[in-house]
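The sequence shown: position 47 = 47 (my numbering), numbered continuously.
Don't be surprised by glycine CBs; every beta carbon is placed ideally from N, CA and C.
What you are looking at is a predicted structure, and each value in this text was computed from that prediction instead of being measured.
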Amino acid sequence: MNAETDQTIATVGELLAHALELELESAERYRELADTMQVHNNPDVASLFHRLASYGDAHAREVKQRAAGLELPTIAPWDFKWTCPDAPESACAEDTHYLMNRCQALQLALHNETRGQLFYAGVAESAPDPDVRFIAAEMAAEEEQHVAMLQEWLAREQCRAEEPPEDLDPPNVSE
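What follows is the structure in structure tokens.
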């Protein structure tokens with residue numbers, strides 16, 4: 001086990017139920033972020049988040065294909081076996097800012113994909129069933145490819161550490 005999973009996943013159906021939730025939640029969260037960026041006139045970052053959402057959608061379709069013929073367990077949100085309240089690939093709202101730039105968005109995505117990879121690697125290490133270990137290892141390897149892709153994108157961006165620019169006209173929030 002590792003920091004991203006705190007319980008053993010015992011069956012292929014249970015693993016695929018977790019994988020499906022992880023990908024669906026990731027895609028949904030990226031779409032929400034894209035919409036937020038669009039509303040705040042940040043189309044470059046919105047486009048990036050839409051692209052990442054499409055990857056999550058594609059992976060969810062792959063999981064559904066892999067699960068064809070299996071009856072996946074219904075898992076309550078509080079019973080998923082990851083250590084955080086949300087799926088490992090889901091960005092936390094507090095990690096975003098509507099003025100974030102491409103580099104900051106890529107760093108957030110890299111963090112999320114790394115957490116997803118660690119989740120699957122942890123399952124591959126701890127699952128009692130060899131089929132679960134095999135599938136989880138495949139998924140961890142796929143997530144590792146996503147991590148490498150995002151690292152390449154970050155390298156091309158030549159990012160430097162910076163805070164979002166000061167908002168001279170912040171949104172009005174009722175108290």
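TODO: Evaluate the contact criterion for the segment 62-70 versus the segment 33-40: three or more CB pairs, one atom per stretch, below 8 Å.
DONE: Pairwise C-beta distances place the segment 62-70 out of contact with the segment 33-40, as fewer than three of them are shorter than 8 Å.
TODO: Can you tell me which of Asp35, Gln7, Glu28, Gln158 puts its alpha carbon nearest to the alpha carbon of Gln177?
DONE: Limits of the chain in this structure are 1 at one end and 175 at the other, which puts residue 177 out of reach.
Task: Proximity to Ala76 [Cα-Cα], best of Glu32, Glu21, Ala60 - done: Proximity to Ala76 across Glu32, Glu21, Ala60 peaks at Glu21, based on C-alpha coordinates.
Task: Local Cβ density within 10 Å of Gln145, reported as buried at 16 or more and exposed below that - done: Label assigned to Gln145: exposed.
Open item on the list: Please tell me whether Ala34 has its Cβ less than 7 Å away from any Cβ of chain D.
Closed with: This model lacks chain D altogether; it includes just one protein chain.
Open item on the list: Measuring CB atoms only, is the segment 102-118 touching the segment 46-63, in the sense that at least three cross pairs come out at less than 8 Å?
Closed with: Contact check between the segment 102-118 and the segment 46-63: three or more CB pairs, one atom from each, fall below 8 Å, which counts as touching.
Task: Helix, strand or coil at Ala10 [DSSP, three-state] - done: Coil.
Open item on the list: What does the alpha-carbon distance come out to for the pair Glu152 and Asp129?
Closed with: Looking at the two C-alpha atoms, the distance is approximately 35 Å.
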